[in-house]
Each structure stands twice: as C-alpha cells, then as structure tokens.
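These notes are about the structure you will find just below.
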Amino acid sequence: MVNFKTVLVALMASAAVCVSCYAQEAPIKVFVATSDDVYTMRDDIHVIVTIKNTSGQMVNARVAPVFTLAKSDLQIWAPVRLDGKRDELKRGETSLLTLEPFEERALEYNLSRAKWESIHASVWPTKPLTSIILIGKYTLSFEIRKQNGADTEIVSSNPLPLEIISEHL
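First residue of the sequence shown: 0, per numbering that gives the first Met the number 0; consecutive thereafter.
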C-alpha cells in the first residue's frame, strides 16, 4: 500500500497531491489560468481551472472546491461547484469529482460572481468579491479539499499572481 504522506511530500513541489478514490490514491493535478493578470474593481475576473487525472485509475470523490485570494494583510476564500450549474457551493455541500483515467477537464468561473469571506471568519462566504477586496496584488489559487476521516486532503493549483487596480490607464 502506498504511504500517502510520502506521496504528498513528493508531489507538493509540482502542485499535485493525491485524492482518494476506491480506497486507492490517484494523483490529481490542478492548474488555474486567467486571460489577464491586472483587473479593475469593476472587471469580471474569468478563470479557467483545469483538473487532470494523471493516473490510470478512475477518480470518484465528494470534494469541496474553493478559490483563495491572498495578500499580506488579507486572505479570502470562495467555495464553488464543479458541475457548472452555478458557481456557489452552499454550506455543507460537496461536489462530485469524477474523472476517467488520464482525463483532463477545464472549468470556467467568474470570480466576481462567487461569494467570498475571510478565511479567519467563522461564517460561510456570502459577500461579493468587490465588497471584500482592496486594490493591491494578490495570489490566486484553487484547491480541492476532500475529507478523509479526521484529515483533510488538499489538492492545490499553481499560485497565480493577480493585481486589482482602481482603473485601467
């Protein structure tokens, strides 16, 4: 049997960790991309998330996908769905992640429509992005979180720099 902690340490450098499925571990890679890296407070921020199953095993797991935006004095998160029916993930909900062996899936999100909150708040995100962020430079990432008993397994994307400015020049 594969030791998950050993695999986790080995794959963290490449932004990949393992998500359990069928009592085995299948490596998943997650990438996030935008068409631009500078936005105004009024711009819609469209993001493409690519999730890739890099193994020969099917992935079938209930997960909690979230975006995070971070800068030195602010860290916020927005839970989202994987099914494309709506962006927002309600409190207590999970999304079904099903990937065939070696399947790659691209999902598009508008970060401006997601509900956000500080990662330090004890409330579920309910705020629009523009009510919680300030002008500045952020790091965007996408995480897939899976509860595994008392532990939470996290698949993190590449960190992506984003800048929010007052107006385009």
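C-beta: ideal position from N, C-alpha, C; glycine also. Treat the numbers as computed from the prediction; the structure is a model and nothing was measured.
Practice item. Less than 8 Å between the CB atoms is what I'm expecting for Val62 and Ala113, so what's the real figure, rounded? Key: Incorrect: roughly 16 Å between the Cβ atoms, too far for contact.
Practice item. Using 10 angstroms around the beta-carbon of Pro160, count the other beta-carbons present and answer buried if the total reaches 16, otherwise exposed. Key: Answer is exposed; the Cβ neighbour count stays below 16.
Point to revise | Spatial distance of Ser171 from Phe30 (CA atoms) | key: Absent from the structure is residue 171, since the part of the chain shown begins at 0 and ends at 168.
Exercise for review: With 8 Å as the threshold, decide whether the Cβ of Val79 is near any Cβ in chain B.
Suggested key: Here chain B cannot be found, since the structure has a single protein chain.
Review point. Ordered along the chain, which non-local residues of its own chain (more than five positions away) have a Cβ less than 6 Å from that of Glu237?
Key: Given a span of 0 to 168 for the chain in the structure shown, any question on residue 237 remains unanswerable.
Check your understanding: What distance in whole Å lies between the Cβ atoms of Gly135 and Lys70, which are believed to be in contact at a cut-off of 8 Å?
Key -> That pair is a contact at about 5 Å.
Practice item. Indicate the three-state DSSP secondary structure (helix, strand or coil) for Thr33 in the structure shown. Key: Here Thr33 sits in strand by DSSP.
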